[in-house]
Structures are given as C-alpha cells and as structure tokens.
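Protein chains in written order, with UniProt numbering: chain A, 1 to 313; chain B, 1 to 313; chain C, 1 to 313; chain D, 1 to 313; chain E, 1 to 313; chain F, 1 to 313.
All residues carry an ideal CB built from backbone N, CA and C; glycine is no exception.
Everything on this sheet refers to the single structure shown next.
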C-alpha cells in the first residue's frame, strides 16, 4: 500500500486502493447527479467528489466496497478533497481485503486470545468460569473484530478485545495491590461489561447503532443474556446476580446510563478501570499526533480538554 | 375496631388490637432492656415503649404480629407515644387478620381484577396479549396485595393494582383523545411497568428492599422477565423489544433510573401517566387531611411543596 | 393550489402562488443587490434567491405579501432552493388570502368555539364564569387565529385555540377520574394560561416577540390582565388570586419561567396537561412524516430525542 | 430596660419586660398543659417554658403581647432557657411599647424619609416621579416599619426602608461613575423593587407569609400594582413597562424567582446593588459578633460560608 | 487616519494604513497559494484575501506589522471582505505606530497613573503599601498597555489599568458607604487581582494564552508572586496571606476558577466590584452601538442576553 | 492495652487508659458545670460525661492528654456512653504514649520510607529529583505522622505516607502498562500532591484546619512552595511548572478545587490514581466491619452508597 490517504498534500496526485466508508448522492447546480464519498485506508480518511455519475455508479460504489482510485488532491473549504478522475471496483485479482483498510488493535489477535484464555483458566469459581466460557465461545468472532465504540476510544477493528485485555492487565495489578478484591468477580466483569456492544452495533467495520442498541442499549442486552446463559447452564446463586450487577453499574452513575451505581467493591473498581483505559487510549492517540511543546486538539469526551506534550525528558 | 390509633389524644387511655410494624431492643439507663415499637392499624401509626422486657417478650413481639394492648397516651418530644401497660399476642379466638391493620386500596380487589381482565380481553395483538396473561397469572396474588412503593404514593395493600387500574383508565382516555396511540402497547406497558416491585420489595405488609431490588432494581428485573417469558412462550418480534423498552424507559430519564429515555410515543405517554397518577395520589391524600383555607404538610417527592386547599367552591 | 412547495423536487419547475415569510437584501460579488426570500404555503417552506433587484422590488416583496412565482428548483448546500425567474404581487383578481398559506388547526374554528362555549356555560362559579367570558369576548378574534407558540408545538393558525380545546378535553377526563378536582378552576386555568401570547407575539401569521413579550412575558401580562378584569367587573375573592396563581405557575418551576410553583391541585394538573398536549402535538407531527420502522428527526424540545415508529400493529 | 435577654447567663435570675414572639401549647408527661414560648427584646431571643397553664393563660399570653416576667435561666439541650416563675401582661401603667422590643434600623426614620424625598424631588421624568409618589404615599407607614425580609438581611423594624436608602446611596455613586445610567429609572426601581413585601408579609413585628405572598409573591404583586397605579394616574408609555420589568427581573434569573432576566442596563444594576447591600448587611452583622482573629458562624444565604475577621489593622 | 475600516460599505474603495492581526496561508482551487488576513484599525476589523502570493509575501505580511493597502470592499457569505489590490509594508517614513491601530482605554494613561499613585500614597498599612509599590514598579509598563482580557470586557490597550482604576473608584465609594471595610485591603486586592494577566497573556497587542497561562492561570501565578515579593521584601504577617486570599478568591466560587471562596469581607466586595465593572463595560459598549428602541446583539458572558435601549428620557 | 473502647458493651464496666480527643464544658439543670468528652484509643471512640467538675478538672482534662479512667457503659439516645466514676491524668510512670491511642497505617514507617527512597533514587530527571529530595527532607517528620485527611480516607497517623506509597505502587504498574507515561513526572506528582496538608492541618493527632488551610488550602500552599524551592535550588525549566500544574490540577476539575483541570497525561493519571486509592481505602475499611451477606453503612464521600459484601467465594 502507498503512503496512506491521510498523508497526501494539496496539489498532489493519488493512485491506489481505498475503502468506501460512506457515499451520498447529490444533484449539482447543472442538474447532474454526483456522489459525495468518504474514502478511508488504515492511515485515515478523505472527502471526495465523483461528478456526473450514472445509475450504475450509484449502485456499485457503496459503503464497505474497496475501489482503485486515481485523482488529485484539492482544497475545499480549508480541507483536502480528492477529486476523482478514475475509479473502479477492486477485483479478486487485486488481492485486497477490506480489513486492511481499517485501523487495527496494536496487539495481535492471537496474543489477546491467549491472555484471556489464561485468565479464564485460572478462575477458581466454577460458576463464573462456566458463564464466561459460554460467552467467549458465543461471541468468539465478534469479540476480536468489533471496536469498543463507534468513536472516541478503541474505535478500531479488534478494539473491543484490546480494551478488555488492557483492563484485565490493570485489574490484575489492582488485585495484587488490594488483595481484598475478588479476582474472579473483577475479571469476569471486565470480560462481559462491553460485550453487549456486538449487538448494539451493526457491524465491526462501519458500525452504526442497531434498533435494539437504541431502544435497550448494550448494558440491558447483556444483563438479559447473562440471565439466559445461567438458565441454560443451570447455574443459580449469588454469582449470577453479582455479574449482572457489575454489568449494570459499570457506567458508574445514573446520568451516565447505569440505573444502579456500583454497590460491590469489584463493581466500583470495574468502573474505574474502564475509565482509566478509555482515557489513556484517547490521550495516547491524540498525543501521538503532536510534537513536544505542542497541545493536542481538544478531546470532547475528556471534557473538551487539549493536552500538552512536555519538552523535558 | 375502635376509633383508630392515629386519632387518640394525649392523656387518653387506649385498649384494642394493633399490628407491630417494627420492634427494636434498647437498654435503659437503669440497665434494663426495653422495646421501642411502632404499632399500626388502618388509621395510621404510633410510637410506643415496652419497659423491662423479658427474653420471651423479645421473641414474641415481632414485626407483623397482632397484639392486644392497654396503655395511656403520653407526649414525648412533641409526638404522642403509647405507654404500654398490658400486652398479649392476639389468638385465633380473637378472630383478627393482619391485613385489617393495613391501609387498603379504595377500590375492591374484584372490581380491579374485572377491569384489568376486560382491558386484556380487548387486546388485538396476540403476542402482547399472551405475554400480559402470562404475568397476570404468574403474579396474580402479589399484584393485588403489594403496595406500589414503600412510601410516597400508593403505599398500601393493593396499591400496586390500584395504581395500574387508575393508569389504565387514564390511558384509555388518552387513546381516545389521541387516536394515533396504540392501545395494546400502552395498556401492556402500564400493566407491566411496576410489576418488578413484587421482587424488589420483600413483602406486601412491611416491605423493605430485597438484595435483588438493591443490586438490580425493579426495572431491570422486569426487563429480564419479559425476555424469559417470550422465550418460554416462543414469541419473537418487535413487540417483545418494545415492551422491554417501555419498562426500561418509564422513569423518563437517566437521572431518574431509566438508562434509555422513551423513544416510542407510547413509552412517553406511559411515563406521563405514571407521573400524573402518582402525583394525584400524593396530593389527594395530603389534601384530605386539611381543611379549606389551610396548607398541607410539605410533600417531599413533590419538590417539597405544600398545597393549599381553596375555600371557594 | 398546486402540490405544495414542500413537495417539489430538485430539477423541477414551479409555478404558483406563495406567501413571503421573510426577505433580506444582500449584495452579490458583482456588486448587484439581491433578495434572499423564504416562501411558504400550507405544505411548508422553501429558500429562494431573487437576483439583481431594483429599489422597487425591495419595497414590494415584503413579508406577509402573497406573490405569483415562476422558477426552477436547484440544490444549494444540500437543500432545495427556488431560483426565481418571474415574480409579481398577487392582485385582488387572483382571489388569494394570506391565511390560505398558513398551516391550520385540524379542527374547524366553529367546532372549537362551540366546545368552549359549552364548557363555559356549564361553569358553576359565577365569578370565574364572568372573568372567562370577559376574556373570550376581549380576545375572540386572536384566540382563534394565533398560534400557541412561534415554533415547536401548535405553531399554526388557530394553534392557540386548538391547544386550549385539546387540554379542555383532557381536563374533562381527569376531573372524572379524579373527582376531587374543581372543574371550574381547572377549565378556567386552561383557557387563560396562554392567552397572554396574543400580546407576547406580534401577529398570528409570522409572529415575533413584542417588546412587552420580551420584557414582561405572556405569564406576567396575563396575571396583570386578570387583576384588571376583576377590578373592572367588580369581582373580589379567592377566585381572582387562584386564577392568577394558576397562570403564574403553569410552567411548573422557576427555571421554566414560573416564579411560583403550582400550590393548588388544579394548578399542578394544568401544568401536567399542558405538558402532555404539547408533547403529543410534537410527537404526532414528527411521526406523521416517517414510515413504520423509521426514526423521526431529533426533536429539540423533547430533550433532542428521535422517536421510533413501530412496524407491528 | 435591662441588659437584654440575649445577654443573661445560665444560672442567673431574670426580671423584666419581654415581647412574646410565639407561643405554642403542649401537654406534659403528667398530662398537664404548658406553653413553649419564644420571648424577645431588642437584644435577641430566648426559649421559655410556662408550666401547668390555665385556659386563661392560653388566651392571654399570645404573640405580639408584652409581659412582665420573673424566672431563672437554665440550660436545655445546650441552649439557655428561661424557666418562668411569674408572668403578667404589661399594662398601660407600665408605659411599654411593643416596638421597643424589636431591633431597629440604625438610621432614624426621619432621616430616611428626608433622603428619599430629596431623591424623588430631583427626578426629571414626570411619569416616573408621579408613580413613585403614588406608592410612597400609599405605603407611607409600611415602608418605614416593615423589615426587608423575615430572616437573613435587614430583618428588623424599618429594615425595608433602610435597605432602600442604602441602595439609593449606592445607586447614586454608580450613576456618577457610569454616567450612561438613567438615574430616574434606577432610583425608581430601587424604591419599588421590594415594596410588594408589605403585602407578602403579614405584619412588621412577627411577619409570616400571607396567602397572597405564597401564591403570587412580592414581585408579581408589585408588577400588578404598578399597572393599576398607571391606569389610575392615566399614565401611559414605556416608563410603566420599564418599571414593571425592573421589578420583575430584580432577582436576576429564573431560578431565583425572576421570570425574565434584566434586559435593560438599569435593571441589571438594580439586581447587583440589591445583592451588594444584602450581602454587606449580612456580613457586617455577623462580623460584629466576633473578635479579630475569629470566624463568624456559617451564613447560610452566603453559600454557607464563615467569614474571618482580620487581626491586622 | 480615514473613516475607519469598520465603517466602509460593500462596493466602496479603500485606501489607507491597517494593522495585520492575523494571516493564514491557503491553497486555491487553481493550486496557487493565498493569504487570508484579518486587518484592523481603531474602528474595528475586516477580513481580506491576498491572492497568488509569493514566498516573500508570506514572510513579510505577518501579524502585528502595519501595511498600506488599496482594495475594494466585497461581500462574502454575508460579511464585508476587503479584496486587496495593492499592499506594502509601512515604512519609517510613514510615521505610523502599531498602537494607533488598537482600541484604547478612554482615559489617558497619565490620569490613571496619577489616580493609582494617590490611592497608594494614602495607604496606612506599610506592609501592604510596600508590596503594592513593588508590583506597580515591576509591571509599570505592562499594567498600562495590556488588556484586561482577550475578549468580552476591557479588551483594549490599557484595558487592565482602566479596569483597575474604575474598580478603585467604585471601591472608594463603597468604603464610604460601608465604613467597616478596610480600604487598604480592598484597594490592594483591586490593584493586584488581575495583574497575573501580564504573564497569562502573550502580548498587549494580539494576546493569546501563554503555556504558563494555560497550565497555571493568572490567579495562581499572582498568588505565587505575592509570596515571593513578601520574601524578597522581608515582610511577614497576616497581610501577605490576606492579599493572597483576595487574589485567590476573586472569581467568587470554585466553578469560576477560585479554589477558595471569599472568606473575608473585602474579598467578597472585590469579587462584586469586579463583576459590576466588567458587566458595565460590556453593557455600555454594546448599547453604544444601537439606537434607542433597539436591542443589542446577544452578549455571551452576560448569559447571552440582549439589552434594550429605552426610548424614554 | 485492653479490648478497646469501641468494643465494650452497654452495661459493662471499663477501666484503662484513653486519649481525650475533645472536651467541652456545659452547665447541668442543677446549675453545676460538667464536661462532655470524646475519648479514643486505637479501636475507636466513645462519648462520655464527667459530672460536677471543678475549675481544676476543666484545666487538666484537655484534648491530646491521656488519662486513666474507670466507669460504666450506659446507653444515651441509642449510643453507648461512658459514665466516668474515676479519672486521672496518666503520669510518666504509666509509660504511655499518646501515639498509641491513634489508629496507624498498616505498613511500618521504615518500609514506607525505604520504598519512597528507592523510587526517588531511580529518577532520571535531576531537576525533579532534587526538588523531591528537598521536600522529603523538609517534611521528613510530618510526612510520616500526618493523616491524609481529617476524615473519610487515610485519616490515621501516617495516613499521608500510606496514601503516597499506595499511589506510587499503583503508578508503577500504570507506567508499565502504558509506557508513554513519564515515571519521573508521575512519581513526583504523587509524592507532592498532598504534602500541603501538613500546613493545612493543625497537628497529626487531632487535626483541624489552620487559618492558612482555610484561606489558601493545601493545593495553593504547595504550588507556592514548589516555586520557592525551585528558586532556592536555582532550578529553572519546564519541570517546575509541570510539577506545579500537577499539584494544582490533581482534584480533577474546578468544582472539586482545582482551578485548572489536568492538561498533561501524567496529571490526569495522578488524579485517577488518587481517586482509586482513596476509594479503595474507604471501601475496604467499611467492608472490614461487616459480615458476608451484609451491607456497610452509607459512605458519604462515595455518593452516600452502602456496599454489599458477597457471600460467594
């Protein structure tokens, strides 16, 4: 692949493969239809215009398809825009995979799987262990392809698993520093807390909210599923309710979407670990883009703060 | 029964049957144990002291038992207090029922049952109708004995059913005034919205919050149960999710305990009807206690307002 | 009239009568003046440009005048825009009434008048009845032509009366379900609560806020007028103050513009009915525009929620 | 008069005249009725008990009457309490005036009257001047006897006038520093802004809220009265509305009871001056009671802050 | 100087000297670079485009330099825009000073200096006097050239000193009306409260926030400096801490940036005076731009209110 | 020492040594003076009364002195109360140390010192290392004796150091999980963030807020000291400002007392670590007091939540 679409400059030519993230039809002032497309590759995104399109074009150049594009980079209202001169669908012959155009978790899937397997293997409470294994099996594929969110943090392929693994590592340290914490409860809460997202979001690649996601939300979806899994596995006892409570309360307070606040120690810690890992992910990725002595862009979910990158070492 | 314990005056004698609402042991300054009891009958409550108790007394005079009491009414820190001189457990021979000491819904149970049966019979959507019938059957007894809350509104035997029936009547009027409303959705939402309270609260007579009630809450409990009922009945389709959404959102906003706000018309109306019926119940009961030209006590859940009872007609 | 200006498509021609809602002068990059106009008819609105205008045009094409227009529909920044080729003022010969270009209440004025007359006739309290008759007479014309608001809900000709009549119907049902409510107080509160809008807003057709509306507001204006009416009619007694209180408190709390919260039962109910009818109006009109299975646009005054239209029946 | 009831110590005897601020009947544990009285004189207040009272006592020892009392000072729950041994109503022969038992404004009434007369005399706008004169005449007596509030600030006889005069002085300085301010508007706003309190409060000596005060409030009452005064005096024009706006908005924002925020410069300044004078009055009176190097009690309406009195000079 | 760049009309020619406030490079759709400039003079600002620039132009036409410009006024997206035809840097021969292009305090610097000198001379507390003299000397130049803020109020050359002097005058009046106030504390608080801005802001002419300003803020910077000054001058005692407290608390509450609220009388008054002077400055400048009978633009820091300019006199 | 004063039961006798935490004089209804004392030992606290005291008693039995007490345990208003029969000051012969009556950090001081020494030794940035060493030396004694707060968390002897050491351990784990974090910045922020408490609080044993603590607060005090230390040590550069920023921002947001929010990655992490360690300390200590299956008392600074201790293992 080339240098990446996010790195081309105004005035340059571009030729290469890109993924269509979205495509919307408009009608120009001359009455001719055109497409407003957002292309992406692993480096980022660019806006584009495809002028005077045919009915065919409209049906072919749709979201999640990969295309080969030639064009030049213009400036439009202060932003780079790709003016498409030639475009065609990628073919099998091109040997191109849509996944290659998505940002990916920085850790290989296998490594993440292994880490989680180990954690689950070490669990001492058999009820919790069985429930976790049930879900790891059920969502085996989704867990390692879905993002953890549509934007803000871990919003890349495998982001959900990456978020879970980082939190497990953090959780492990905390159970060592604060030995009163029950590791099984904490780890199982971490693994399950966001899995509901695989039903809340429509797809791993260009996710939008499903109807179920909008009307019920990932928290309620997952609390439900834990109950059904327990029924199916014939498990009864406090563990089931405690797991449901941890999922239910992990946003920390009612205003943030948890109808019950954490009321066991491990639930409070789950909430705090979630916060830390999400914040670190956002800060790190924003700071990676700036030089020492500069401020990042404002980060909306971090109370719209900009962060300074020190010069000192 | 007599005039009612809430209506005796300081200086008077009292003799009659009372229900023990709560009983707590203390040790007096002379080192002797005593019980601080709250007695109740249908008219209300009174504080009492039972001095120099035996081990036996402690075990016998416990919450939810009915006793025959003789004593006089004193004043203690500005409140009437019953000074017990004689006390014994009621016996079968007394022909006394604990329920007779609870405030009751002002409508007979049969009338409420009949009204609900009629509403359910008229439902056109078979999926909704089957789910509602499932729950009416499952919680047949609890629905007509539990209060709708531990305090504030409809906090009396059968209060839950009374609240539901009043809301159904209101809902019926609204579907006539606003014919776009789907009656089946609205009625089923009304019937199910608070049933989770029969698991959130410990008992109909002197309810406290159960562990499940504290960690999950009646909303989550019921959303879960609807899913399980649908599974059991083999029902699929939008209706199940819409019913869950209505239960989930009926508190109106996140701060009030609904992780998702109402997103269908009937859910919004359910929330509003719930509000009106709860507020009317609180205002009416407070205003019943004052004379024209007076203000009620401040009502905490109504933003701590006092209400004026007009003199004009 | 034609299909309605809100229903034309980009690329089509338009010819017909339209009302000028607003017109603002600009100067083009070639130095020539032009007008940016918003036209409307009963179906909705469209933006338009009238290029290279004369002094005369500027004086003639002003808000609230009706014109005959020919032009074609273009797209500008994603929105349809009418490019005017010919335009002239409507003449008497055209037989056109400005009112025909406004959205109207869905119930005929006569029916609304009749309903209100009946309600007032049935009042038992003569003082209240006289005050209400005084205002019905005084604002006879405005009540049935003004909108209830400049936007959000009932923002159409006769919207004020439509809002009042819907609320009266709701109020009637509530007095039946909760017989402690005083119907005279409730109905009179409903009728008067928003009449101050006829002085707060500048005109029924393209209303803006008057100076009095901005500095005092419709609530204060109307509380004042009730006092003056009572003085004029020689009425004294609690009723006057209670009516003033209901108007004053109908927004429910200080943050929403009511310096005193409702402190009588009927004032609280007035506030709740107002809420319900406004919300139903907003939801119904938004849901009318979408198909089953879709969400409406976000509705700002309903906490920016979008509403889902179920597919099930 | 003696040293003042606020200055006696536990263990001392007291003999002298006191005003009854409030008196409430109770029944003792021996079944005998008694009165819980709050006595006051200019130095402050004391709680008292009058045991084993007769029907007569109950009718005679009522709020706002002056009595001659003998008794000793005890301590009850950490506070001084006057244990009454002898008590009788003051008679004409005692030459006692109830006003002598109230705290008073630190400036003589005549001086305040004179200052206000001068300010009004200098007004240039005849409409404003006539309206102000109308109210000064109408409430001549109340203005100089009522407090400005029931507690917190200027809560003494003549406190209302004292507050107005302080604010007028402050206003005068501000019109000199910021010459764009219109003195007539500002001064008239200052004089009228709180006069509604004479109808909101029941009496100058032991004020409680009237029904009108609770349901409408001093702001609405006064906005109404300005309209009626203008009608009576045949005055029309912007001045009337501006005066109403200043009264309406003087609490600054909706949450604080002003349905409209200040929208003219003089209204904003009126709000700020009101704030300063109320705060200075509260701080000064609290700091007067402590020594250098100490903190005052927490002052609730000043965000519950305690203020430090510096040692340095 | 000419009529001022803020007063030219679309279609007119402009020739004269202007200050470059900001200049940003862009690339046109023809691939050629251009500058987007904001010019300013004492009357206000105008946007401008300088097309097809050279490398030289880019380096020469930078912020804070003065240029001689010829061009015509166009309209672009509803705003006037200066289309530059000729431009050159001002030379020594032109006799132009950048300061002449900034708005200035309405009082001459000498007069402000004199007023402050007098106030300081009259101080009775030698410790306070020495600290104030230390800072007046240290920031002699900055105090009379910096604005008091980057926008909103006193955002002009010398605005900081102007704000201080107005507040001192107000403070003087208050110490006369409320003689309990300690003038030395109040005046010294006024003089120091905002001086930290000379380190928080980058320059008097086109100020932006410095790194220190962003990470520490003017309040913390100044509290630090007072401590260091006291150390340097060998001053100990309560005065130092009280001065620090006044600076620290002058924003009034935590949400507004003061980690401690005012806890001495003079600190509270400092906060209130600051509020009044800032608000008067904003209101006066907005009202100066409109005619009687009109409303000002909405003023964001005044809760986004628009103010009405009365017609009456 | 005995079983501990917190563990005696009503009706028992007590004899042993106790520390006087506070002592306040009152006058009984018989006119005799008495002392209300709070005693404490390492197990907790108890209220007590010492009747009919002499002048001597008053002067001798003062806070922070240790006494030998004999008495019996009564119940007063639902709480245990020690009725003192004999009391005398502890003498040298008793071999008693006031520190023995305080709760202590669960880790020995030497271990904490060693851990911190190691962390500081490993720092790579010499400026930061020198500043930290300066403060460790300056507050060597206070750091290991002061509590971290007067109540809520780590409110015991050495609590400040214990809090710092726990946070350092947490910080160490985080720098490993998130290698972008600068360890020197993070560790130095942790060590300094609360040291200002040694000046904010009056003493390690029965701390109250100092005047400086009230008017400036520990954050401002410490930001000042860092500046002075840097001056003294001749250190300049970004490090000083970054350390000040970390201290300043460690409460996270303005409402919580930080005038600037965290704007570097390490400051955000410092805030989060502080939160976690404080919360863990509060939860652990509350849960230690209850049995599995029970809820703790409500913990006010944890949003008044009660926490459940699971039964499962």
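**Request:** Return helix, strand or coil for residue 309 of chain E, following the three-state DSSP convention.
**Result:** The answer is coil: DSSP assigns residue 309 of chain E none of H, G, I, E or B.
**Request:** From the DSSP output, read off the bridge partner residues of residue 83 of chain D.
**Result:** In the DSSP output, where bridge partners are listed per residue, residue 83 of chain D has D/49 and D/72.
**Prompt:** Okay, do the stretch 261-273 of chain B and the stretch 292-304 of chain B touch, 3+ Cβ pairs below 8 Å being the bar?
**Reply:** The stretch 261-273 of chain B, when compared against the stretch 292-304 of chain B, does not touch it at the 8 Å Cβ threshold.
**Message:** Quick check: what's the CA-CA separation for residue 312 of chain E versus residue 143 of chain C?
**Reply:** Answer to the nearest angstrom: the Cα atoms are 32 Å apart.
**Message:** Is residue 27 of chain D close to chain B? Criterion is C-beta to C-beta, closer than 8 Å.
**Reply:** In terms of beta-carbon proximity, residue 27 of chain D lines the interface with chain B, with at least one pair separated by less than 8 Å.
**Asked** What residues match up with residue 179 of chain A in a beta bridge as DSSP calls it?
**Response** According to DSSP, which records beta bridges pairwise, residue 179 of chain A is partnered with nothing at all.
**Request:** Pull out every residue of the stretch 212-240 of chain A whose Cβ sits closer than 9 Å to any Cβ of chain C, in chain order.
**Result:** Listed in sequence order: 214 and 215.
**Request:** Answer with yes or no whether the minimum CB distance from residue 303 of chain C to chain B is below 8 Å.
**Result:** The C-beta of residue 303 of chain C comes closer than 8 Å to at least one C-beta of chain B.
**Prompt:** Listing by chain order, which chain D residues have their CB less than 8 Å from the CB of residue 75 of chain B?
**Reply:** Neighbours of residue 75 of chain B on chain D, chain order: 26, 27, 28 and 29.
**Asked** Nearest-angstrom Cα distance between residue 20 of chain F and residue 101 of chain F?
**Response** Taking C-alpha positions only, residue 20 of chain F is separated from residue 101 of chain F by approximately 10 Å.
**Prompt:** Are the CB atoms of residue 4 of chain A and residue 41 of chain A nearer to each other than 8 Å?
**Reply:** For residue 4 of chain A and residue 41 of chain A, yes; Cβs fall inside 8 Å.
**Message:** Any beta carbon of chain B sitting closer than 8 Å to that of residue 255 of chain A?
**Reply:** Yes, residue 255 of chain A lies at the interface with chain B (some Cβ there is under 8 Å from its Cβ).
**Asked** Exposed or buried, what is residue 208 of chain E when buried is set at 16 or more other beta-carbons lying within 10 Å of its beta-carbon?
**Response** Around the beta-carbon of residue 208 of chain E, fewer than 16 other beta-carbon atoms lie within 10 Å, marking it exposed.
**Prompt:** Quick one: what does DSSP say residue 104 of chain A is sitting in, helix, strand or coil?
**Reply:** In this structure, residue 104 of chain A counts as strand in the three-state DSSP scheme.
**Item:** Sequence-distant residues of the same chain with beta carbon closer than 7 Å to residue 9 of chain F, five excluded per side
**Value:** In chain order, 73 place their CB closer than 7 Å to the CB of residue 9 of chain F, counting only its own chain and leaving out the 5 sequence neighbours on each side.
**Request:** Would you check if the distance between the CB atom of residue 87 of chain A and the CB atom of residue 61 of chain A is smaller than 8 Å?
**Result:** Yes, the Cβ-Cβ distance between residue 87 of chain A and residue 61 of chain A is below 8 Å.
**Request:** Go ahead and label residue 89 of chain F buried or exposed: buried means 16 or more other beta carbons lie within 10 angstroms of its beta carbon, across all protein chains shown.
**Result:** Exposed.
**Prompt:** So which residues on chain E does residue 197 of chain F lean against when the C-beta distance must stay under 9 Å?
**Reply:** Within chain E, no residue comes near residue 197 of chain F; the closest Cβ sits about 15 Å away, beyond 9 Å.
**Prompt:** So with Cβ pairs under 8 Å, would you call residue 10 of chain C a contact of chain A?
**Reply:** Yes, residue 10 of chain C counts as interfacial toward chain A.
**Item:** Residues that residue 265 of chain A contacts on chain F, provided the C-beta gap is smaller than 7 Å
**Value:** Per Cβ cutoff of 7 Å: 283, 287 and 307.
**Endpoints, alpha helix (DSSP H) assigned at residue 232 of chain A** = Residue 232 of chain A: member of the alpha helix (DSSP H) spanning 217-233, first to last residue.
**Asked** When every heavy atom of the ligand NAD is checked, does at least one fall within less than 7 Å of the C-beta of residue 15 of chain E?
**Response** Among the components of this structure there are no ligands whatsoever, and the ligand NAD is therefore not found.
**Request:** Flag this pair as yes or no: are the beta carbons of residue 262 of chain D and residue 255 of chain D separated by less than 8 Å?
**Result:** Result no, Cβ atoms of residue 262 of chain D and residue 255 of chain D do not sit closer than 8 Å.
**Request:** Report buried or exposed for residue 1 of chain D, applying the criterion of at least 16 other Cβ atoms within 10 angstroms of its Cβ.
**Result:** In this prediction, residue 1 of chain D has a pLDDT of 40, which is less than 50 and means its spatial position is unreliable; nothing more can be read from the coordinates.
**Message:** Quick check on the burial criterion: 16 or more other C-beta atoms within 10 angstroms. Buried or exposed for residue 91 of chain C?
**Reply:** Residue 91 of chain C counts as exposed, since fewer than 16 other C-beta atoms from the protein chains shown sit within 10 angstroms of its C-beta.
**Prompt:** Which of helix, strand or coil does DSSP assign to residue 54 of chain C?
**Reply:** Coil at residue 54 of chain C, not helix or strand.
**Request:** Could you tell me which chain D residues have their CB closer than 8 Å to the CB of residue 178 of chain E, listed as they occur along the chain?
**Result:** Listed by position along chain D, the residues whose Cβ is nearer than 8 Å to that of residue 178 of chain E are 280 and 284.
**Message:** Relative to the C-alpha of residue 187 of chain C, which candidate in C/196, C/174, C/197 and C/199 has its C-alpha closest?
**Reply:** Checking every option, the nearest Cα to that of residue 187 of chain C belongs to C/174.
**Request:** Check the Cβ-Cβ distances between residue 173 of chain B and every residue of chain C, and say whether any is below 8 Å.
**Result:** Residue contact check for residue 173 of chain B against chain C: a CB pair falls below 8 Å.
**Prompt:** For the stretch 102-168 of chain C, which segments carrying the alpha helix (DSSP H) assignment without a break, of at least 4 residues, lie completely within its bounds, in sequence order?
**Reply:** Listed in chain order, the complete alpha helix (DSSP H) runs (minimum 4 residues) inside the stretch 102-168 of chain C are 109-121, 126-138 and 140-143.
**Message:** Quick check: the Cα distance between residue 47 of chain F and residue 281 of chain F, rounded to an integer number of angstroms?
**Reply:** Annotation: residue 47 of chain F to residue 281 of chain F spans about 26 Å, alpha carbon to alpha carbon.
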